[in-house]
Amino acid sequence: ITVISKLERRTVAYHESGHAVAGWFLEHAEPLLKVTIVPRGTAALGFAQYVPSENLLMTKEQFFDRTCMTLGGRAAEEVLIGKISTGAQNDLEKVTKMTYEQVAVYGFSEKVGLLSFPQRYDGFGMDKPYSGQTASMIDTEVRELVAKAYNTTTELIRKHKDKVAQVAELLLEKEVLHQDDLVRVLGERPFKTAEPTNYDRFKQGFMDSEDSKSAEVDPSSSVGEAVPT
Numbered sequence: 001i002t003v004i005s006k007l008e009r010r011t012v013a014y015h016e017s018g019h020a021v022a023g024w025f026l027e028h029a030e031p032l033l034k035v036t037i038v039p040r041g042t043a044a045l046g047f048a049q050y051v052p053s054e055n056l057l058m059t060k061e062q063f064f065d066r067t068c069m070t071l072g073g074r075a076a077e078e079v080l081i082g083k084i085s086t087g088a089q090n091d092l093e094k095v096t097k098m099t100y101e102q103v104a105v106y107g108f109s110e111k112v113g114l115l116s117f118p119q120r121y122d123g124f125g126m127d128k129p130y131s132g133q134t135a136s137m138i139d140t141e142v143r144e145l146v147a148k149a150y151n152t153t154t155e156l157i158r159k160h161k162d163k164v165a166q167v168a169e170l171l172l173e174k175e176v177l178h179q180d181d182l183v184r185v186l187g188e189r190p191f192k193t194a195e196p197t198n199y200d201r202f203k204q205g206f207m208d209s210e211d212s213k214s215a216e217v218d219p220s221s222s223v224g225e226a227v228p229t
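So this is what it looks like as structure tokens:
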């Protein structure tokens, strides 16, 4: 069993809350299904589960919002706690990989242009099939894109900092939050689409499942026991 201090537990709660709130208010991010601050060994002191994405293609807007969501934990630590921790290491690794892919693989950078440099390994390390000048340009572009995403995220967290605090304190109290807990604090997600999203389909499936369970319960039973069949 991993034992963490009260300060670490609070930091983890605000970190995970930052992810949850950022994803909730970013149109192209994956909304949260479940978040917990129950440690899983020393590798993960908190864990968030999101609506699985079934997109076969990704746009620049989707990449940007998902980058912002991934930075939500670090932004929440900075804005609401006033100190940053090492808890964002894995998040930063994901952000770095996503952003390099946008710039060097998918041709999303106007500065680098319509070029694609998939990463290759020659047994000794990564082979970069481009010049040092291009490498410097890619590095600069990646830093600028990540900085832009982090600025957007911190602004969003500041705008909703009361909600971030409410979710974090509820997480400290319950240790595990589900989608319905977030709806009670944050309200429904403020985005409407022409066709159902994965989030809409999941939510409808969850409601249908709950309705089905309710239909199997004897209404005269005070403890909600299932009616024998």
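So the sequence shown is residues 1 to 229, counted in full-length UniProt numbering.
Cβ coordinates follow ideal geometry from the N, Cα and C atoms, glycine included.
Measure the alpha-carbon distance for residue i versus residue j and round it to whole angstroms.
i	j	result
Ser5	Pro129	47 Å
Lys111	Thr152	21 Å
Val103	Pro118	11 Å
Ala165	Gly132	45 Å
Ile157	Lys148	14 Å
Val142	Tyr50	25 Å
With a threshold of 7 Å on Cβ separation, who are the neighbours of residue i within its own chain once the five nearest residues in sequence on each side are excluded?
i	result
Glu19	With the sequence shown as reference, residue 19 is identified as His, and Glu is not the correct amino acid for it. Cβ within range, chain order: Ala48, Met69, Gly72 and Gly73.
Ala135	Lys128
Would you mind reading off the limits of the beta strand (DSSP E) that contains residue i?
i	result
Val35	Leu32 to Thr36
His19	Unbroken run through His19 is the alpha helix (DSSP H), Lys6 to Trp24; no beta strand (DSSP E).
Just to confirm my understanding: we take residue i, look at its own chain, exclude 5 residues before and 5 after, and list those with CB closer than 8 Å. What are they?
i	result
Glu77	Thr11, Tyr14, His15, Gly18, Lys83, Ile84, Ser85, Gly87 and Ala88
Glu175	Thr36, Ile37 and Val38
Count the other C-beta atoms from every protein chain shown that fall within 10 angstroms of the C-beta of residue i, then say buried if there are 16 or more, exposed otherwise.
i	result
Ser116	exposed
Pro190	exposed
Gly46	buried
Val35	buried
Asp91	buried
Leu57	exposed
Apart from the five residues just before and just after residue i, which ones in its own chain have a Cβ nearer than 6 Å to its Cβ?
i	result
Glu173	none
Leu145	Thr99
Looking at the unbroken alpha helix (DSSP H) that takes in residue i, where does it start and where does it end?
i	result
Val164	Lys161 to Lys174
Phe117	Run containing Phe117: none; DSSP gives neither H nor E here.
Tyr100	Gln89 to Ala104
Leu61	Here residue 61 is Glu; the residue named in the question, Leu, does not match the sequence. Segment Lys60 to Thr70, the alpha helix (DSSP H) holding Glu61.
Cβ contact (3+ pairs, closer than 8 Å) linking the region 21-37 and the region 56-69: yes
Segment contact, 8 Å Cβ cut-off, at least three pairs: the region 88-99 with the region 179-188: no
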